[in-house]
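The opening residue of the sequence shown carries number 0 in numbering that gives the first Met the number 0; numbering runs sequentially from there.
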Amino acid sequence: MKTRLGKRLTALFHAIPSGYDSVWDLCCDHGRLGMALIETGRAPRVHFNDCIASIMTDLETRLVRYGATGYTLHTVEAERLQLPGDGWHLLVLAGVGDEMTIRILEALSQPGSESRFDWLISPANNLFQVRRWLREQGYGLLEEGLVFENGRGYEWLRVTQDRHRAPAPIGNPAPFWDARDPQHRAHLTKLVRHARKQRRNPADTDSDAVLAAYEPLLASD
0 MKTRLGKRLT ALFHAIPSGY DSVWDLCCDH GRLGMALIET GRAPRVHFND
50 CIASIMTDLE TRLVRYGATG YTLHTVEAER LQLPGDGWHL LVLAGVGDEM
100 TIRILEALSQ PGSESRFDWL ISPANNLFQV RRWLREQGYG LLEEGLVFEN
150 GRGYEWLRVT QDRHRAPAPI GNPAPFWDAR DPQHRAHLTK LVRHARKQRR
200 NPADTDSDAV LAAYEPLLAS D
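Shown next as structure tokens:
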């Protein structure tokens, strides 16, 4: 594979199984994940999406130079994408905040559609809020994991609205946290400190729930 991926994108790359009719790299930035999928033949078609035209122009230049085939470019806000009416597809959304993640999920979720859509998501922050929303909407968990890059921990989840394939609910918090691991403990401590700070904000509505979820993890070592 020619495209170099950091630890986080490498984890997402390996979390994409074969079998999907297409993979959608949403808010793709420079398109490294999708490029890696094309180079390795991991997906028969890759859709790249970003709303910034200059990014997509640069990406198209690189794809042409590489001689890539089996891809489509979409220069539009992710919420406005037109998704296929049939088939089985994976939508990848990583590196954006919790509010944007939820907004895109709300816009593109299609319960009852003849198509099947799974999601691979790795928000930049506030995983508690994203996990809570997924649980409220009835998503089921297919797979999840944790990766550390540049001193930060990133959770990722592959989820589906097809509860026949994933009857287990999504945990909140995730079950893999282990306060005995120094990296885990440092990350959990940051989450708790941030929630305590947010408590002082009169507009805050989440910090008590976040603290109730994460403080016991630090006490369980």
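For glycine and all other residues, C-beta sits at the position ideal for the given N, C-alpha and C.
Let me know if residue i comes out buried or exposed under the rule of 16 or more other beta-carbons within 10 Å of its beta-carbon.
i	result
I120	buried
S114	exposed
R157	buried
F221	No answer is possible for residue 221: the residues shown for the chain start at 0 and end at 220.
N243	There is no way to answer for residue 243, as the model of the chain reaches only from 0 to 220.
Where do the N-terminal and C-terminal ends of the alpha helix (DSSP H) with residue i fall, by residue?
i	result
W176	Where W176 is concerned, there is no enclosing alpha helix (DSSP H), given that its DSSP letter is neither H nor E.
R184	181-197
L8	6-13
Closest to residue i by C-alpha separation, out of the options, would be which residue?
i	options	result
R31	P43, M55, P16	M55
L104	G137, A218, T74	G137
A211	R195, G144, R199	R195
G86	D117, D57, G66	D117
E154	R162, L145, D161	L145
Return the first residue and the last residue of the beta strand (DSSP E) that residue i is part of.
i	result
L92	87-93
K157	According to the sequence shown, residue 157 is Arg rather than Lys. Residues 151-159.
S21	21-25
D117	115-121
T68	Note, T68: premise wrong, no beta strand (DSSP E); not H, not E.
For residue i and residue j, which I take to be in contact (beta-carbon distance under 8 Å), what is that distance rounded to the nearest angstrom?
i	j	result
L80	L107	6 Å
Flag this pair as touching only if the stretch 124-138 and the stretch 25-35 have three or more C-beta atom pairs under 8 Å; answer yes or no. Counting Cβ pairs under 8 Å, fewer than three are found: no touch.
Three CB pairs or more closer than 8 Å across the stretch 85-105 and the stretch 64-74: Fewer than three Cβ pairs drawn from the stretch 85-105 and the stretch 64-74 lie within less than 8 Å of each other, which leaves the two stretches out of contact.
Quick check: the stretch 30-45 against the stretch 13-22, are there 3 or more CB pairs under 8 Å? Enough Cβ pairs lie closer than 8 Å, so yes.
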